[in-house]
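J.:
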Amino acid sequence: GAVVSQHPSWVICKSGTSVKIECRSLDFQATTMFWYRQFPKQSLMLMATSNEGSKATYEQGVEKDKFLINHASLTLSTLTVTSAHPEDSSFYICSASLAQGSNQPQHFGDGTRLSIL
Amino acid sequence: AQSVTQPDIHITVSEGASLELRCNYSYGATPYLFWYVQSPGQGLQLLLKYFSGDTLVQGIKGFEAEFKRSQSSFNLRKPSVHWSDAAEYFCAVGAGGTSYGKLTFGQGTILTVHP
């Protein structure tokens with residue numbers, strides 16, 4: 001149980017294009033999902049908290065207009081990197097919890113490697 | 001704000017040897033602590049978690065961790081390492097209050113296992 005699927009796993013695109021990454025909870029409903037960014041050989045940095053039916057909460061320093069998050073249903077959250085540039089190249093990971101609460105472990109997708117040429 | 005420190009960036013052990021990965025946290029209240037493992041190019045898998053109660057917690061794959069409040073530590077241990085344990089390990093602390101559910105990760109420790 002508690003499977004989180006992320007798609008695509010790898011995407012390469014030209015500078016200036018927009019890229020959408022999907023995060024799905026396959027066997028449970030997730031009111032809250034989280035989006036992280038991981039640079040090579042570094043830890044995960046929380047970008048935003050995605051709440052079903054409401055606006056995402058972004059961490060300080062993360063551009064809301066650059067990284068659009070939509071959480072339209074209890075099983076799907078999307079992250080769109082708009083007008084992507086080479087500096088946006090990174091590994092993006094989403095996670096979801098079975099229930100709300102800081103004591104609930106998060107279950108992670110397998111990540112999306114984004115490469116902007 | 002909470003923080004997590006993993007002092008060892010890279011650890012190398014021989015297969016069959018014991019393992020201890022260090023984790024120190026800083027948090028004003030009772031922490032919720034987690035250990036995750038990440039294989040190259042993949043997401044994170046939960047190894048174990050501590051919320052309350054017994055300070056020695058058992059996880060998957062033969063791992064255990066001990067919460068020591070006096071030392072603000074949550075070290076991960078395994079008595080006998082297998083080659084398949086080679087990966088990167090992250091310690092994390094969960095926030096409460098208005099930031100509930102958010103995780104703060106340590107820098108990670110890369111484990112190399114020699115045959």
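Same order as they appear, the protein sequences are chains P and R. Going by our numbering, the first sequence opens with residue 1, and the numbers climb by one from there. Going by our numbering, the second sequence opens with residue 1, and the numbers climb by one from there. Ideal Cβ positions, reconstructed from N, Cα and C, are used throughout, including at glycine. Model, not experiment: these values are computed from the prediction.
Should His71(P) be labelled buried (16 or more other beta-carbon atoms within 10 Å of its own) or exposed?
T.: Walking along the first sequence from the start, residue 71(P) turns up at place 71. Its Cβ being crowded by 16 or more others within 10 Å, His71(P) is buried.
J.: Any idea what DSSP makes of Lys66(P), helix, strand or coil?
T.: Walking along the first sequence from the start, residue 66(P) turns up at place 66. Correct three-state label for Lys66(P): coil.
J.: Taking the C-alpha atoms as reference points, what is the distance between Leu44(P) and Leu44(R)?
T.: As a working note, residue 44(P) is residue 44 in the first sequence. As a working note, residue 44(R) is residue 44 in the second sequence. If you take the alpha carbons of Leu44(P) and Leu44(R), they lie about 10 Å apart.
J.: From Glu52(P) to Pro79(R), what distance separates their C-alpha atoms?
T.: Numbered from its first residue, the first sequence carries residue 52(P) at position 52. Numbered from its first residue, the second sequence carries residue 79(R) at position 79. So the alpha carbons of these two residues sit roughly 42 Å apart.
J.: Are at least three pairs of beta-carbons, each pair with one atom in the stretch 18–35 of chain R and one in the stretch 80–96 of chain P, less than 8 Å apart?
T.: In short, these stretches do not touch, since the Cβ pair count stays below three.
J.: Hey, how far is the Cα of Leu79(P) from the Cα of Gln60(P)?
T.: In the first sequence, counting from the first residue as 1, residue 79(P) sits at position 79. In the first sequence, counting from the first residue as 1, residue 60(P) sits at position 60. Cα-Cα distance, rounded: 17 Å.
J.: Taking Gln106(P) as the query, report the chain R residues whose CB atoms sit under 7 Å from its CB, ordered along the chain.
T.: Translated into positions along the first sequence, residue 106(P) becomes position 106. The answer, in chain order, is Leu103.
J.: Report the neighbours of Phe34(R) on chain P: residues whose CB is nearer than 7 Å to its CB, in chain order.
T.: Locating residue 34(R) in the second sequence gives position 34, counting from the first residue. Under the 7 Å cutoff, chain P gives Pro105.
J.: Which first and last residues belong to the beta strand (DSSP E) in which Ser90(P) is found?
T.: The sequence position of residue 90(P) within the first sequence is 90, counting from 1. Per DSSP, Ser90(P) belongs to the beta strand (DSSP E) from Ser90 to Ser97.
J.: Would you report the Cα separation of Cys13(P) and Ser90(P), rounded to the nearest angstrom?
T.: Your numbering for residue 13(P) matches position 13 in the first sequence. Your numbering for residue 90(P) matches position 90 in the first sequence. Rounded to the nearest angstrom, the two C-alpha atoms are 13 Å apart.
J.: Could you pull the start and end residues of the beta strand (DSSP E) that Lys78(R) belongs to?
T.: As a working mapping, residue 78(R) is identified with position 78 in the second sequence. Lys78(R) -> beta strand (DSSP E) spans Ser73 to Lys78.
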